[in-house]
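Before any comments, here is the structure.
Protein chains in written order, with my numbering: chain A, 2 to 249; chain B, 8 to 306.
Here it is in structure tokens:
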């Protein structure tokens, strides 16, 4: 199993996609910090204070979840798109193990991109705030929880991406499907059900509980567990599909 | 000993029966041509043999086991299925590295097989920029990674230029000389005729014949082509002698399964002038076409 996870990670490292996504996320992270620092104290925004650090650092959290989801979907559907799944299954006929290795590899990939991005935003945010005379320290309480939640969400999103990819196989359909689900369908479901209290149980709301804790969401732990359960469900169903379908 | 055993193999896609109760065996060390027109079910058969497609009925075994039950499949079986199954952004060496890692093969194998197929100069180039011939070589290199004793190749000559086909023939011969068992599919008999020991011919998903190449050659027929102004008059005379004779033009007859002597005597007896006459032998390709054609399967 270790060698399969290693093979998946080498697959990821030997194409440009991963570096592109990582670089884009780091750049996006620096931009969000810069925008928030510049906007602070103006036009009704709260001025910078010691407790604004976690919010600054974790501003790209939702985007990081999206990036991990993207990597997972592309990692799984790319095998079908480029027909590399044939060689993958010839090498490892036990398809369940292939998907399991991908789940582990892309959870890790999501976390790696998040670690890189958060490391850079943390350094930029603390040094910028200190330069502006707002004394902050990375040891401040609150920061750890935000970082942990963001990393967990990114890892789980990588896993969900692989599960969705295994289920849908078609790259464009999987990407569009996930986007439409998060942006349109969850909202539509909410208004149809006419029960706002149910909304927090839907997948992207559960993920948001990890990255943007607020009153409307579940608690961090409940949201994390629920989202992990969604990820596992997608993966199990997706794996079953992958095992049964012919590779032609 | 049979290395590959196909037994009653059947695959149905919806209403279409792609493979229909196919059975044949391939013995150790044999190079077998797996022949049939496009759509005969060759690819589906090979994909079932390799565990990629689940049969509707029947079994396909390699060394007595279904492919999916082989503990280290790449060490036993190397396969070339389609030339485009690479990520375009990955280099040739990295592609082979990924497969070696997943298969638990030594790191050095990637460079060894690249040299074997003559791709060492292109090892660090992205596959997206490869020509079809180079992709085919890389596919062969991938098949050889585990140094397998069995090779399964699906239309490896497809899309290759004449030079590539020449190279491929030599390479297959070289692999066969090392005692490997090779099953190579093609829709053109001539492509593999120089390389194979035996042929398995299928059409419409069913076995047409399995025979040695020598036995297939024996089925080629002697024909006599005659040019005469009285073709209309000569033809019934030949037919009366039990010879299959067909008009091949206003002044030409092709008589099958006979000799120039017989035709000449028949013409002389009737006082028919002959301008030109010659013996021809139908080639293997014609035998193949006849076997797999619309009236095929009558052997």
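We treat Cβ as the ideally placed atom computed from N, Cα and C, and that holds for glycine.
Just so you know, these numbers come straight off a predicted model, no measurement behind them.
Using the beta-carbon count (16 or more within 10 Å), is residue 143 of chain B buried or exposed?
buried
Applying the criterion that 16 or more other CB atoms from any shown protein chain within 10 Å of the CB defines a buried residue, is residue 41 of chain B buried or exposed?
buried
Are the beta-carbon atoms of residue 87 of chain A and residue 239 of chain B separated by less than 8 Å?
no
Taking C-beta to C-beta, are residue 99 of chain B and residue 81 of chain B nearer than 8 Å?
no
Are the Cβ atoms of residue 273 of chain B and residue 248 of chain B separated by less than 8 Å?
yes
Beta-carbon contacts of residue 125 of chain A that lie in its chain and below 6 Å, excluding the five residues immediately before and after
31 and 34
What ranges does the beta strand (DSSP E) occupy inside the region 11 to 62 of chain A, keeping only unbroken runs of at least 3 residues that lie completely in it?
none
Of the residues B:299, B:300, B:261 and B:279, the one placed nearest residue 286 of chain B, counting alpha carbons only
B:261
Is the shortest distance between the beta-carbon of residue 88 of chain A and the beta-carbons of chain B less than 8 Å?
By this cut-off, residue 88 of chain A is an interface position.
Residue 102 of chain B, buried or exposed, once every other Cβ within 10 Å from all chains shown has been counted against 16:
buried
If you draw a straight line from the alpha carbon of residue 51 of chain B to that of residue 91 of chain A, how long is it in whole angstroms?
15 Å
Name the two residues that bound the continuous beta strand (DSSP E) containing residue 40 of chain B.
38 to 42
Contacts that residue 101 of chain B makes with chain A (C-beta to C-beta distance below 7 Å):
15
Would you decide whether residue 184 of chain B is buried or exposed? Buried here means 16 or more other CB atoms lie within 10 Å of its CB.
exposed
Counted within 10 angstroms of its Cβ, other Cβ atoms place residue 192 of chain A as buried (16 or more) or exposed:
Exposed is the call here.
Length of the line joining the Cα atoms of residue 5 of chain A and residue 64 of chain A
28 Å
For residue 94 of chain B and residue 225 of chain B, the rounded distance between their alpha carbons:
46 Å
Check each candidate in A:22, A:47, A:83 and A:103 and name the one with the smallest Cα separation from residue 3 of chain A.
A:103
If I measure Cβ to Cβ from residue 76 of chain A and keep anything under 8 Å in the same chain, skipping five residues before and after, which residues do I get?
9, 12, 13, 103, 106, 107, 110, 162, 163 and 166
According to DSSP, is residue 215 of chain A part of a helix, a strand, or is it coil?
It is coil, neither helix nor strand.
Ignoring anything shorter than 4 residues, give me the alpha helix (DSSP H) runs that lie fully in the region 105 to 179 of chain B, in order along the chain.
116 to 123 and 139 to 151
Local conformation of residue 203 of chain A per DSSP, three classes
coil
Under 8 Å between the Cβ atoms of residue 123 of chain B and residue 151 of chain B?
yes
Cα separation between residue 47 of chain A and residue 211 of chain A?
24 Å
Specify the secondary structure class of residue 224 of chain B as computed by DSSP and reduced to three states.
Taken through DSSP and simplified to helix, strand or coil, residue 224 of chain B comes out as helix.
Chain C beta carbons: is any one of them nearer than 8 Å to that of residue 113 of chain A?
This model lacks chain C altogether; the protein chains it does include are A and B.
Tell me where the alpha helix (DSSP H) around residue 35 of chain B begins and ends.
From DSSP, residue 35 of chain B is part of no alpha helix (DSSP H); its letter is neither H nor E.
Which full runs of the beta strand (DSSP E) of 3+ residues lie inside the region 67 to 94 of chain B, going along the chain?
84 to 87
Three-state secondary structure (DSSP) at residue 149 of chain A?
helix
Backbone CA spacing between residue 204 of chain A and residue 36 of chain A [nearest angstrom]
29 Å
Take residue 71 of chain B and list the residues in its own chain whose beta-carbon comes closer than 8 Å to its own, dropping the five residues that flank it on each side.
Closer than 8 Å at Cβ, skipping near neighbours: 12.
To the nearest whole angstrom, what separates the beta carbons of residue 194 of chain A and residue 207 of chain A, a pair I think is in contact under 8 Å?
Going by Cβ atoms, the distance from residue 194 of chain A to residue 207 of chain A rounds to 16 Å, so no, they are not a contact pair.
Going along the chain, which residues of its own chain have a beta-carbon closer than 7 Å to the beta-carbon of residue 153 of chain A, five neighbours each way excluded?
211 and 225
Going by other Cβ atoms of all chains shown within 10 Å of its Cβ, with 16 needed for buried, is residue 189 of chain A buried or exposed?
A residue is called buried once 16 or more other Cβ atoms fall within 10 Å of its Cβ, and residue 189 of chain A, having fewer, is exposed.
Starting from the Cα of residue 169 of chain B, find the closest Cα among B:140, B:146, B:189 and B:271 and give me that residue.
B:140
Which listed residue (A:132, A:54, A:149 and A:181) has its alpha carbon closest to that of residue 115 of chain A
A:149
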